[in-house]
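**Student:** Dropping the structure in here first, questions after.
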Amino acid sequence: MDLLYFEDFPPGEIIQFGDMEVSAARIIAFAEQFDPQPFHLDEAAARETMAGGLIASGWHTAAMLMRMSCDHFLNRSASQGSPGIAEVNWLKPVRPGDRLSVRRTTTSARPSKSKPELGIVDFSFEVLNQLGEVTMNQKNIMLIKRRPAGEGATA
Amino acid sequence: MSLYFEDIRIGESNAIGAHTFTREGIIAFAVLYDPQPFHLSEEGGRASIYGSLIASGWHTASVCMRLIIDSRARTRATHAALGEPLPRLGVSPGFRDMRWPAPVRAGDTVAYSSRIESMRETKRPQWGMVTGRHTGLNQHGAEVFAFTSIVLWERRPG
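In structure tokens form, the structure reads like this:
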């Protein structure tokens with residue numbers, strides 16, 4: 001398959017992708033390794049907390065967004081990675097049985113001034129549950145190679 | 001390390017803990033959550049701009065979270081042993097400005113620390129809001145990770 005280059009991420013584009021079912025087992029497995037707090041580890045213990053029931057670690061939701069992005073577009077793109085994340089907001093809990101998808105908005109895209117072979121793309125990602133509610137949003141920059149001269153567009 | 005919101009001081013710094021990233025650990029995380037070639041194998045790393053296998057930035061972040069939890073658990077155990085009351089654990093509405101200034105490679109040991117940046121009251125009288133800058137340095141002293149956390153912290157009763 002042809003690679004997606006900087007030119008394939010026009011500003012203003014909004015796309016939706018991904019379908020990831022979140023099981024209690026995966027919530028607990030992530031939490032045991034990385035975020036062992038009562039509301040991520042055990043349904044009964046979670047009911048006694050502010051969360052009111054088992055919820056996924058916010059870091060787990062961020063990791064699931066990463067996975068859906070890899071599967072849908074990053075692993076067939078000329079991405080050169082991300083220098084960082086401007087912000088993440090955890091807006092609604094992710095609970096067992098939820099089905100997550102991603103809405104990606106390209107907020108801006110510009111060629112790099114210092115590295116002419118690279119483009120700089122600002123994305124806003126929203127992780128949606130099966131009700132269409134935004135459970136998490138994330139804003140970050142990605143560095144994506146520009147299409148080499150002579151290579152045709154994939155579209 | 002602080003217990004209740006009122007015990008926290010702006011500017012206070014704490015060592016959180018250190019973690020050595022193994023090849024196996026880096027790959028296990030990447031297989032589940034970040035299957036990009038430079039996180040999955042040495043060969044994939046060599047073919048990338050990074051030149052070797054590197055950890056997912058979300059792995060570096062998740063390990064920081066684990067060490068924060070462990071550090072807090074040690075503090076709570078100390079106070080519990082003295083018979084002192086313990087605050088409830090607060091949730092986090094999000095974070096700001098996460099950076100990965102340099103790659104984390106297999107065998108690297110990252111030492112994490114935190115510094116309290118700001119504190120404020122919230123609409124909920126029992127909970128304050130605390131922001132802190134967390135950083136991770138590798139064994140050469142180079143910064144490989146940073147982010148600003150935002151956490152609800154229970155206020156001392158009465």
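Chains as they are written, first to last, in this note's numbering: chain R, 1 to 155; chain U, 1 to 158.
The beta-carbon is built from N, C-alpha and C at its ideal position, and this holds for glycine as well.
The alpha helix (DSSP H) with H59 (chain U) in it runs from where to where?
**Tutor:** G57 to A81
**Student:** Evaluate the contact criterion for the segment 119-138 of chain U versus the segment 43-53 of chain U: three or more CB pairs, one atom per stretch, below 8 Å.
**Tutor:** Short answer: they don't touch.
**Student:** Just the Cα atoms here: how many angstroms apart are A24 (chain R) and H60 (chain R)?
**Tutor:** 12 Å
**Student:** Quick one: what does DSSP say R95 (chain R) is sitting in, helix, strand or coil?
**Tutor:** When secondary structure is reduced to three states using DSSP, R95 (chain R) falls in the coil class, being assigned neither helix nor strand.
**Student:** Just reading off the alpha helix (DSSP H) that G58 (chain R) is part of, what are its end residues?
**Tutor:** Taken as a continuous stretch (DSSP letters only), the alpha helix (DSSP H) holding G58 (chain R) covers G58 to H72.
**Student:** Exposed or buried, which one is A109 (chain R) when buried takes at least 16 other CB atoms within 10 Å?
**Tutor:** buried
**Student:** State the DSSP-derived secondary structure class of F95 (chain U), mapped to helix, strand or coil.
**Tutor:** strand
**Student:** Give the secondary structure of V22 (chain R) by DSSP, where H, G and I count as helix, E and B as strand, and everything else as coil.
**Tutor:** coil
**Student:** State the start and end residues of the unbroken beta strand (DSSP E) segment that holds H40 (chain R).
**Tutor:** Not the beta strand (DSSP E): H40 (chain R) falls in the alpha helix (DSSP H), residues P38 to L41.
**Student:** Using only the alpha-carbon positions, how far apart do I209 (chain R) and A55 (chain U) sit?
**Tutor:** For residue 209 (chain R) there is no data in the structure shown, the boundaries of chain R being 1 and 155.
**Student:** With a threshold of 7 Å between beta-carbons, can R155 (chain U) be considered close to chain R, or not?
**Tutor:** At a cut-off of 7 Å between beta carbons, R155 (chain U) makes no contact with chain R.
**Student:** Relative to the C-alpha of G128 (chain U), which residue among U:R88, U:R115 and U:D97 is closest?
**Tutor:** U:R88
**Student:** In chain U, what lies closer than 7 Å to I28 (chain R) by C-beta?
**Tutor:** Within 7 Å Cβ-Cβ: nothing; I28 (chain R) doesn't reach chain U, min ~14 Å.
**Student:** When the Cα atoms are used, what is the spatial distance from A51 (chain R) to V91 (chain U)?
**Tutor:** 8 Å
**Student:** Hey, out of U:L40, U:H79, U:F21 and U:I68, whose CA is closest to H160 (chain U)'s CA?
**Tutor:** Summary: the structure shown does not reach residue 160 (chain U), with chain U confined to residues 1 through 158, and so no result is reported for it.
**Student:** Using the beta-carbon of each residue, which ones in chain R are nearer than 9 Å to L89 (chain U)?
**Tutor:** Q37, P38, F39, T49 and M50
**Student:** H39 (chain U) lies in the alpha helix (DSSP H); which residues open and close that run?
**Tutor:** For H39 (chain U), the uninterrupted alpha helix (DSSP H) run begins and ends at P37 to L40, by DSSP.
**Student:** My guess is that S163 (chain U) and I16 (chain U) are in contact by the Cβ rule of under 8 Å, so how many angstroms apart are they, rounded?
**Tutor:** In this structure chain U extends from 1 to 158, so residue 163 (chain U) is not present and cannot be described.
**Student:** Work out the CA separation of G58 (chain R) and I27 (chain U) for me, nearest whole Å.
**Tutor:** When rounded, the distance between both Cα atoms is 21 Å.
**Student:** Is it a yes or a no for the segment 30-37 of chain U touching the segment 132-140 of chain R, going by three-plus beta-carbon pairs under 8 Å?
**Tutor:** no
**Student:** Hey, could you find the ends of the alpha helix (DSSP H) L32 (chain U) is sitting in?
**Tutor:** In this chain, the alpha helix (DSSP H) harbouring L32 (chain U) covers R23 to Y33.
**Student:** Out of R:G119, R:E133, R:S112 and R:D98, state which residue places its alpha-carbon closest to the alpha-carbon of A56 (chain R).
**Tutor:** R:D98
**Student:** In the DSSP assignment, what are the bridge partners of E143 (chain U)?
**Tutor:** U:L137
**Student:** P101 (chain U): which of U:G141, U:L32 and U:A77 sits nearest, CA to CA?
**Tutor:** U:G141
**Student:** Please confirm whether P35 (chain U) has its beta-carbon closer than 7 Å to some beta-carbon of chain R.
**Tutor:** yes
**Student:** Is there at least one Cβ from chain R nearer than 7 Å to S62 (chain U)'s Cβ?
**Tutor:** yes
**Student:** How many Å lie between P83 (chain R) and R99 (chain U) at the Cα?
**Tutor:** 6 Å
**Student:** Who pairs with S79 (chain R) in a beta bridge, going by DSSP?
**Tutor:** R:I144
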